[in-house]
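Down below is the structure, laid out as structure tokens.
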Amino acid sequence: MRPFAYRKSPKGRYFRGLKVCLVTKGTNMQTVLNSIKPWENCRQYPNITFHVVLDSAEDGLQAELPDFVNLVSVPASFQPANAKYKGRALEWCRLYWKLSELDWVLHLDEETEIDEYLVKACFDFIERGTEDIGMGTIYYTAHNYWKNPFLTTAEVFRVADDFGRFQLPVRLFKRPLLGWMHGSFILINGAVENKVTWATGCLAEDFWFAFHVCDLTTSTKDLLISKYSTEQAARQGFKFGWIHAIAREQPPVRVSDLIKQRRRWYTGIMSIDSGLVKLVLAVPMMGPLAYASLNLYTFISGWHISVSHWFFVWNMCNFAVDAHGLIVGSVLQDLHLGDTSLGGLVLHVILTLLCAPFVQFAHSIIFLSALIWPASNFVVIKKV
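Numbered according to the UniProt record's numbering, the sequence shown spans residues 1 to 384.
Now the structure itself:
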């Protein structure tokens, strides 16, 4: 984390307004009310407005919202040709707000909790940065933290991804790996939304959006023909940056909710029209299942496998990197929470490492099920 990365730069970009946009289906209303409570402390900043986008019939929600929060109801009559599910709600907002390059939208899920520091980091990103899309780190400590070690460990994997697979390519190349982008804690310039739109029926609309943003940059073929440098190529399209702040969410309440959530993600990503995307997702997803199956077979049959020294070292390096990422993710969440004892911190690290193989195996099985029986709908899981 580099908390003052943008604050050190001079202000060089004017903007008209920042819209904080929380999207909900209306099935977890108490979760929404919990998420918007911290917004009260963020109101002092200029040019900021707060919006709850309801992707269902209005049922008295406006009366429960604070006066400064605007309710945007997506009309049932709004049925664009390609936009479905959450993409439909976001597409309605884009058109309803008439976004321009002077507008910015901070996209949040219904369980995402933000604070004053995060909002200030967004303003620094907008005014002092040069990127068009910002992503930030999410910790899963808002509710149910370590109530279920298996479910919490599954989210520790996501924290490790934030500090690795998500953040590294953004920091190095100003773009994500293919299309790996959160669906929450995303800060997007209005010009980007107008260029790409949210007209998609993909169950992973966040991945679809980032993938198509990357498509707008100069292609590899064009780079070879024109002999552009990477920096020159980045100027042809939109750039991503990392917002050095932390939002908080919660792990799924039940294992069945985790299965539904992951199945939707995997189905959505595998629907992207790119063989490379499918390969990059499938290989790490099927790896744990392949390892477990091979180990089980050798244990039952008594068959022994000899591997070369370099292969053994390569596997140990991979294990060390994975373990390091999980340990860091677990420790940082505990430190950010602030009320975990040293003994509790050590216990959480041990539980994370013990549960990790089972979580990986479960993810493999869930991915395989999504390949065989793809998710057919956008399921909103239960939240506290």
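Note that the Cβ used here is the ideal one computed from N, Cα and C, for glycine as well.
Here the structure is a predicted model, which is why all the values come from computation and not from measurement.
Spatial distance of residue i from residue j (CA atoms)
i, j, result
"Lys278", "Glu40", "42 angstroms"
"Gly164", "Arg171", "10 angstroms"
"Trp104", "Asp334", "32 angstroms"
"Gly12", "Ala121", "15 angstroms"
"Trp180", "Val213", "11 angstroms"
"Leu342", "Val328", "15 angstroms"
"Tyr297", "Gln360", "19 angstroms"
"Thr31", "Phe311", "48 angstroms"
"Ile272", "Ile138", "25 angstroms"
"Thr340", "Val156", "16 angstroms"
"residue 436", "Lys25", "Any property of residue 436 remains undetermined from this structure, which presents the chain solely from 1 to 384."
"Cys202", "Val379", "13 angstroms"
"Asn70", "Cys42", "15 angstroms"
"Pro250", "Leu276", "The displayed chain sequence assigns Gln, not Pro, to residue 250. So the two alpha carbons sit approximately 31 angstroms from each other."
"Asp222", "Phe358", "Unreliable placement is indicated for Asp222, whose pLDDT of 49 sits below 50; no coordinate value is reported for it."
"Ala81", "Val196", "15 angstroms"
"Trp314", "Ser308", "10 angstroms"
"Pro38", "Gln167", "26 angstroms"
"Asp206", "Leu90", "11 angstroms"
Other residues of its chain near residue i: CB distance less than 6 angstroms, five sequence neighbours each side excluded
i, result
"Leu351", "Pro149"
"Phe367", "Tyr266 and Met285"
"Leu224", "At Leu224 the pLDDT is 40, less than 50, meaning the model places this residue with poor confidence; the figure from the coordinates comes in the next sentence. Closer than 6 angstroms at the Cβ level, and outside the excluded window around Leu224, lies no residue."
"Ala234", "Low per-residue confidence applies at Ala234: pLDDT is 45, beneath 50, and the placement is therefore not dependable enough to give any value."
"Ser56", "Lys25 and Gly26"
"Leu337", "Thr141"
"Tyr85", "Phe378"
"Ile188", "Val105 and Ile133"
Same chain, Cβ closer than 7 angstroms to residue i, five either side skipped, listed in chain order
i, result
"Leu33", "Glu64"
"Cys355", "Pro149, Phe150 and Thr153"
"Ala245", "Tyr117, Leu118, Ala121 and Gly136"
"Thr220", "Any answer about Thr220 is weak, because its pLDDT of 40 lies below 50 and its placement is not dependable; what the coordinates show is given next. The answer is none, since no qualifying residue turns up."
Host beta strand (DSSP E) of residue i (start-end)
i, result
"Ile243", "Phe240 to Arg248"
"Val304", "Per the sequence shown, residue 304 should be read as His rather than Val. No beta strand (DSSP E) holds His304; DSSP gives it neither H nor E."
"Gly134", "Ile133 to Tyr139"
"Cys214", "No beta strand (DSSP E) contains Cys214, which is instead part of the alpha helix (DSSP H) from Glu205 to Leu216."
"Lys19", "Gly17 to Thr24"
"Phe150", "Looking at the DSSP string, Phe150 is not in any beta strand (DSSP E); the run it does join, the alpha helix (DSSP H), is Pro149 to Asp161."
"Val53", "Ile48 to Leu54"
"Ile188", "Ile186 to Asn189"
Residue closest to residue i, alpha-carbon to alpha-carbon, out of the options
i, options, result
"Leu345", "Val331, Leu337, Phe358 and Pro357", "Val331"
"Ile381", "Phe68, Asp215, Pro252 and Gly338", "Pro252"
"Asp59", "Phe68, Pro66, His51 and Ser73", "Ser73"
"Lys19", "Leu371, Cys93, Ala375 and Leu289", "Cys93"
"Arg263", "Gly201, Asn377 and Met316", "Asn377"
"Ala375", "Ala292, Asn315, Gly241 and Met270", "Met270"
"Leu22", "Val53, Ala5, Tyr45 and Lys8", "Val53"
"Leu326", "Leu353, Val196 and Asn315", "Leu353"
"Ile186", "Phe209, His348 and Leu178", "Phe209"
"Phe240", "Ile259, Ser256 and Leu216", "Leu216"
"Pro75", "Arg88, Pro66, Asp67 and Phe68", "Arg88"
"Thr200", "Asn315, Gln79, Trp373 and Val280", "Gln79"
"Ile259", "Trp242, Asp162, Trp373 and Ser274", "Trp373"
"Phe238", "Ser256, Ala191 and Glu110", "Ala191"
Cβ shell of residue i (< 8 angstroms), same chain only, five flanking positions each side left out
i, result
"Gly17", "Asn47, Ile48, Thr49, Leu102, Asp103 and Trp104"
"Glu231", "Unreliable positioning characterises Glu231 in this predicted model, as indicated by a pLDDT of 43, which lies under 50. A coordinate reading is not provided."
"residue 439", "Because residue 439 is not part of the residues shown, which for the chain are 1 to 384, the question remains open."
"Ala247", "Leu108, Thr112, Glu113, Ile114, Leu118, Gly136, Thr137, Ile138, Tyr139, Ser184 and Phe185"
"Ile36", "Leu22, Phe50, Val52, Leu65, Pro66 and Val69"
"Leu289", "Phe361, Ser364, Ile365 and Leu368"
"Pro176", "Met135, Phe166, Pro169, Val170, Ala210, Cys214 and Phe240"
Extent of the continuous alpha helix (DSSP H) to which residue i belongs
i, result
"Asp103", "Here Asp103 belongs to no alpha helix (DSSP H); instead the beta strand (DSSP E) covers Asp103 to Leu108."
"Ser73", "Taken as a continuous stretch (DSSP letters only), Ser73 belongs to no alpha helix (DSSP H), being part of the beta strand (DSSP E) at Val69 to Ser73."
"Val170", "Gln167 to Phe173"
"Asn315", "His309 to Leu337"
"Asn34", "Met29 to Ile36"
"Phe123", "Glu116 to Arg128"
"Met270", "Val255 to Met270"
Is the stretch 297 to 311 close to the stretch 122 to 130, with three or more CB pairs under 8 angstroms?
No, they do not touch.
For the pair the stretch 316 to 328 and the stretch 135 to 149, tell me if three or more CB-CB distances fall below 8 angstroms.
Judged by pairs of C-beta atoms under 8 angstroms, the stretch 316 to 328 does not touch the stretch 135 to 149, as fewer than three such pairs exist.
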